[in-house]
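For reference, the structure discussed in these notes is given below.
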Amino acid sequence: MKEFAYARAGDAAEAATLIAQRPDATYLGGGTNLVDLMKLGVTDPGLLIDVSRLPYDRIEHREDGSVLIGATVRNGASAGDPGIRERFPLLSQALLAGASGQLRTVATVGGNLLQRTRCGYFQDVTKPCNKREPGTGCPAIEGAHRDLAVLGTSDHCVASHPSDMAVALVALDAVAHVRSVDGGSRTVPVAELYLLPGDTPHRETVLDHGDLITAVELPPPPRGARMRYRKVRDRWSYAFALVSVAAAVSVAEDGSLRDVRIALGGVAPRPWRARIAEERLRGARPDEETLREAARAELAEARPLPDNAFKVDLATDLIVAGVRDLVARRDRA
């Protein structure tokens with residue numbers, strides 16, 4: 001690990017001033033991903049600006065059913081919050097499916113959103129990687145790619161996004177609150193926070209240098225919605241998703257789907273909102289054939305590689321099972 005400086009920001013304005021002065025500076029939250037990348041030599045910031053103690057550590061439940069989660073709230077606190085568990089169980093389940101209990105007590109909501117891919121070539125500085133060093137190539141395409149993406153990829157990068165939490169947030173139409181270095185603020189839908197690789201895979205988000213995520217806001221859940229996060233992985237705990245699905249559905253009196261929201265993890269460079277499948281299912285009766293046709297339509301543009309082609313069928317099955325089981329749970333209620 002290269003030598004670096006450290007500063008603890010007293011407030012957001014100080015953090016902005018510090019980072020504006022140093023193009024090699026970066027924010028530090030829980031550090032559960034950043035510090036690992038520094039140890040591996042993947043990134044070497046000259047200044048770490050600790051923002052973990054800024055006043056963004058609260059969860060605010062609002063009368064309209066929405067919730068504002070501060071960016072420095074720990075993942076464990078979000079997962080265990082009674083209001084989130086009651087109204088947004090999808091988010092709690094996704095958080096509990098990620099990492100370990102120890103890491104969840106340290107990792108922050110803001111940091112979770114900005115964690116980087118676990119592609120082995122990205123993390124190995126002895127190998128070329130367009131995401132780490134633009135123009136050097138993507139050896140994963142011909143090499144080890146079983147765990148990598150099948151949707152939204154390019155000839156320059158096939159890395160997959162690692163976050164479980166972000167998949168749930170995308171399905172819930174969450175937005176990120178962002179503070180810029182000049183003190184201005186804006187909101188960015190989490191679904192639009194991430195960039196697809198195209199020919200610039202090193203550009204991963206729409207954030208500019210010095211932008212600070214201060215909170216994540218979830219709108220009220222859909223009326224009568226049932227929701228669940230399902231994750232398929234190689235082992236039961238402490239493993240990233242091969243494929244995951246976040247689904248929230250509400251059923252009309254006639255048995256048709258009044259509302260359906262689906263997001264996929266483990267299959268794309270960003271949490272993948274399954275809008276094609278949603279459009280086909282909204283207003284339809286969720287029989288097996290209809291569910292499978294919608295799921296297949298969503299995966300029609302997949303670009304699998306030899307060793308991860310199984311993800312196409314797996315994602316299809318998970319969409320079908322996820323929606324079907326939520327509907328069945330409603331019928332049993």
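The numbering of the sequence shown is full-length UniProt numbering, which starts it at 1 and goes up by one.
All C-beta atoms in this analysis are idealised placements derived from N, C-alpha and C, irrespective of residue type, glycine included.
Three-state secondary structure (DSSP) at Leu212?
strand
Inter-residue Cα distance where the pair is Gly266 and Glu60
Cα to Cα, the separation comes out at about 30 Å.
Does the region 111-130 come close enough to the region 220-228 to have 3 or more Cβ pairs within less than 8 Å?
No, because fewer than three Cβ pairs between the region 111-130 and the region 220-228 fall closer than 8 Å, the two stretches do not touch.
Mind checking whether Ala174 and Pro219 have CB atoms under 9 Å apart?
yes
Beta-bridge partners of Tyr194, as assigned by DSSP
Thr205
Here's the rule: buried if 16 or more other CB atoms are within 10 angstroms of the residue's CB, otherwise exposed. What is Pro221?
Pro221 should be labelled buried.
With 16 as the cutoff for other CB atoms within 10 Å, does Phe240 come out buried or exposed?
buried
Opposite Arg235 in the DSSP bridges: which residues?
Looking at the DSSP assignment, Arg235 forms no beta bridge with any residue, so it has no partner.
Let me know if Tyr27 comes out buried or exposed under the rule of 16 or more other beta-carbons within 10 Å of its beta-carbon.
It counts as buried.
Considering only residues of the region 92-135, which uninterrupted beta strand (DSSP E) runs meet the minimum length of 3 residues and lie entirely inside it, listed in chain order?
none
Determine the DSSP secondary structure at Gly322, reduced to helix, strand or coil.
helix
Out of Gly322, Met1, Thr187, which one is the CA nearest neighbour of Val35?
Met1
Using 8 Å for Cβ pairs, my map puts Val178 next to Leu207. What's the rounded Cβ distance?
7 Å
Same chain, Cβ closer than 6 Å to Ala333, neighbours up to 5 away in sequence not counted
Here the model assigns Ala333 a pLDDT of 45, short of 50, so the residue's position is not dependable, and the following value carries that caveat. Taken in chain order, the list of residues that qualify is empty.
Under 8 Å: do the region 132-149 and the region 187-196 share three or more Cβ pairs, one atom per stretch?
no
Quick one, which of Ala284, Asp147, Val249 has its alpha-carbon nearest Leu314's?
Asp147
Secondary structure of Met1, DSSP reduced to three states
Here Met1 carries a coil assignment [DSSP, helix/strand/coil].
DSSP-derived helix/strand/coil call for Ala12:
Ala12: helix per DSSP, three-state reduction.
On the three-state DSSP scale, how would you describe Thr17?
Here Thr17 carries a helix assignment [DSSP, helix/strand/coil].
Hey, quick one: how far does the alpha helix (DSSP H) through Asp50 stretch, first residue to last?
From DSSP, Asp50 is part of no alpha helix (DSSP H) but of the beta strand (DSSP E) over 47-50.
Tell me where the alpha helix (DSSP H) around Ser78 begins and ends.
75-80
Taking the straight line between their C-alpha atoms, what separation do you get for Arg8 and Asp50?
5 Å
Just list the residues that DSSP pairs Ile262 with in beta bridges.
Answer is Ala247.
Pairwise C-alpha distance: Ser52 and Tyr6
If I take the Cα positions, the gap works out to 13 Å.
On the criterion of 16 or more Cβ atoms from any shown chain inside 10 Å, does Glu298 qualify as buried, or is it exposed?
buried
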